[in-house]
Amino acid sequence: MPRHLLNPMDFSVEELDKLMDLAGDIERNPDKYAHACDRKTLATCFYEPSTRTRLSFEGAMYHLGGHVIGFASADSSSASKGESVSDTIRIISCYADICAMRHPKEGAPLVASLKSRIPVINAGDGGHQHPTQTLTDLLTIRSLKGHLDNITIGLCGDLKFGRTVHSLIEALSRYENVRFVLISPPELRVPGYITEMLDHKNLQYREMQNLEEAIPTLDILYMTRVQRERFFNEDDYIRMKDFYILTKEKMKLAREDMLVLHPLPRVNEISVEVDDDPRAVYFRQAQYGMYIRMALILTLLGLEVQ
Ligand code: CP
Numbered sequence: 011m012p013r014h015l016l017n018p019m020d021f022s023v024e025e026l027d028k029l030m031d032l033a034g035d036i037e038r039n040p041d042k043y044a045h046a047c048d049r050k051t052l053a054t055c056f057y058e059p060s061t062r063t064r065l066s067f068e069g070a071m072y073h074l075g076g077h078v079i080g081f082a083s084a085d086s087s088s089a090s091k092g093e094s095v096s097d098t099i100r101i102i103s104c105y106a107d108i109c110a111m112r113h114p115k116e117g118a119p120l121v122a123s124l125k126s127r128i129p130v131i132n133a134g135d136g137g138h139q140h141p142t143q144t145l146t147d148l149l150t151i152r153s154l155k156g157h158l159d160n161i162t163i164g165l166c167g168d169l170k171f172g173r174t175v176h177s178l179i180e181a182l183s184r185y186e187n188v189r190f191v192l193i194s195p196p197e198l199r200v201p202g203y204i205t206e207m208l209d210h211k212n213l214q215y216r217e218m219q220n221l222e223e224a225i226p227t228l229d230i231l232y233m234t235r236v237q238r239e240r241f242f243n244e245d246d247y248i249r250m251k252d253f254y255i256l257t258k259e260k261m262k263l264a265r266e267d268m269l270v271l272h273p274l275p276r277v278n279e280i281s282v283e284v285d286d287d288p289r290a291v292y293f294r295q296a297q298y299g300m301y302i303r304m305a306l307i308l309t310l311l312g313l314e315v316q
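Residue numbering for the sequence shown follows the working numbering, beginning at 11 and increasing consecutively.
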C-alpha cells in the first residue's frame, strides 16, 4: 500500500525531524539529488488556484530529475464533465508515481487516497488542512530559530477558514512548551475542534482580538489572509478583510528576534513596507517550501540517496 500525506499528524515527530534533516541536506547539496527521481513522474491535480504549492511541487520534481504532468484547474480536467475524484485518481495512478492534489472540498484527497495505487499528498483541501504548508512552516521555524519547542506563536487573521493555521497548530501541539496566541475577530475564531484538541492536551493558549497587545509577547507571528473564497457573503468579507494590517509601526512593538511568517498569498494584511524588515521571513519561507517538498517526494517514493 502506498503511503500518503493527508494530515500533518500522519508523520511522527521523529519522521518530521528526518524529513527536515533531508530538506536541509538537499538545500546544501542540490547536485547530489539531481537525478534521484529519474524516470519518476509527479501528477499535480489542482482543482483550486495555486502559485506556491503547485509550482514548488513541480520545481521540486524537476530539481530531482523527474517529470511532471497535471492540471491547474478543475475546468481544464474531466471534473468539468462530472468525473469523480475516485475515478480520476485511478486514472492518474496509471500515468504517474505520486500525486499532489488540491481540492475545494474538505476530505477530497482522503477520498482519492482510498482508490489510489500511488502516494497522494494533500496540497490543501477546502478550509480543512494544508499539511505541506505546515512542513514548510516547521522547516522555516526550525531553520531560523533553531528549535520548535519553547516558543510563543501568535496566529493572526482568519483562523476559521485558514487551513494552514489548523494544520500548524496540530503539528506544533506535539512539541514541548509551545504557547499559542490566537488573534482574530470573534467571527473568525479557530474551529471548536482545534480548541478542544488544545484543551484535551492541556496546552497553553489565549484567544484575543488585539494584535498590538499580543505582539510584544511573541517569538513567531504567523499572519494569514482573510479567505475570501470561503465566505458565503461578500459583505462579511469586506467587513473583515482589513481587520489586521501589520505595519512598520506595529513591528516596533515586537521583539528584535521575532519572526513574521505568512503562508502567502498576501492581500493587505502585511504592509509592503514590512518586507524590508529582517524579521519578515515569508519569502524565505516559500523557498523552504520547495526543499521540504523535495524531501517529501523522496520519502513517499521510498528513494534513498547516498
Ligand atoms: N501557501 C499557499 O498554499 O499558496 P498557494 O495557494 O499559492 O499555493
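Ideal Cβ positions, reconstructed from N, Cα and C, are used throughout, including at glycine.
On a predicted model such as this, the values are computed, not experimentally measured, just so you know.
What do you reckon, is the C-beta of residue i under 8 Å from a heavy atom of ligand 1?
| i | result |
| --- | --- |
| His176 | no |
| His8 | Past the edges of the chain, shown from 11 to 316, lies residue 8, and the structure says nothing about it. |
| Pro226 | no |
| Leu274 | yes |
| Gly134 | yes |
| Arg289 | no |
| Thr144 | no |
| Pro18 | no |
| Ser87 | no |
| Arg13 | no |
| Arg64 | yes |
| Pro114 | no |
| Ser60 | yes |
With distances taken from CA atoms, which of the options is nearest residue i?
| i | options | result |
| --- | --- | --- |
| Lys211 | Ser183, His45, Gly80, Ser66 | Ser183 |
| Phe241 | Gly137, Lys262, Ser281 | Gly137 |
| Glu266 | Ala122, Ile99, Lys155 | Lys155 |
| Leu165 | Ser281, Ala122, Phe190 | Phe190 |
| Lys17 | Asp135, Leu271, Leu213, Ile151 | One detail in the question is off: residue 17 reads as Asn in this sequence, not Lys. When each option's Cα is compared against that of Asn17, the closest is Asp135. |
| Gln297 | Phe81, His272, Ala89, Arg100 | His272 |
| Leu313 | Arg62, Asp27, Met71, Glu58 | Met71 |
| Tyr232 | Ile204, Leu213, Leu274 | Leu274 |
| Thr309 | Pro129, Val23, Val270 | Pro129 |
| Asp48 | Asp41, His77, Thr54 | His77 |
| Glu186 | Val200, Gln214, Gln139 | Gln214 |
Identify whether residue i lies in helix, strand or coil by the three-state DSSP scheme.
| i | result |
| --- | --- |
| Arg265 | coil |
| Gly156 | coil |
| Asp135 | strand |
| Thr257 | coil |
| Tyr185 | coil |
| Thr61 | coil |
| Thr162 | strand |
| Ile108 | strand |
| Val270 | strand |
| His176 | helix |
| Arg249 | helix |
| Thr51 | strand |
| Arg276 | coil |
| Met21 | For clarity, residue 21 is Phe in the given sequence; the question names Met instead. Of the three classes helix, strand and coil, the one that applies to Phe21 here is coil, per DSSP. |
| Glu217 | strand |
| His45 | coil |
| Phe242 | coil |
| Phe171 | coil |
How would you call residue i, buried or exposed, if buried means at least 16 neighbouring beta carbons within 10 angstroms?
| i | result |
| --- | --- |
| Ser60 | buried |
| Met11 | exposed |
| Tyr301 | buried |
| Met218 | exposed |
| Phe56 | buried |
| Thr257 | exposed |
| Ser86 | exposed |
| Ile101 | exposed |
| Asp20 | exposed |
| Tyr254 | buried |
| Ile248 | exposed |
Considering only the beta carbon of each residue, do residue i and residue j sit closer than 9 Å?
| i | j | result |
| --- | --- | --- |
| Arg64 | Ala133 | yes |
| Leu148 | Ala181 | yes |
| Gly75 | Ala44 | yes |
| Glu197 | Lys170 | yes |
| Asp252 | Asn278 | yes |
| Ser177 | Thr144 | yes |
| Leu15 | Ala305 | no |
| Thr162 | Thr98 | no |
| Thr142 | Phe67 | yes |
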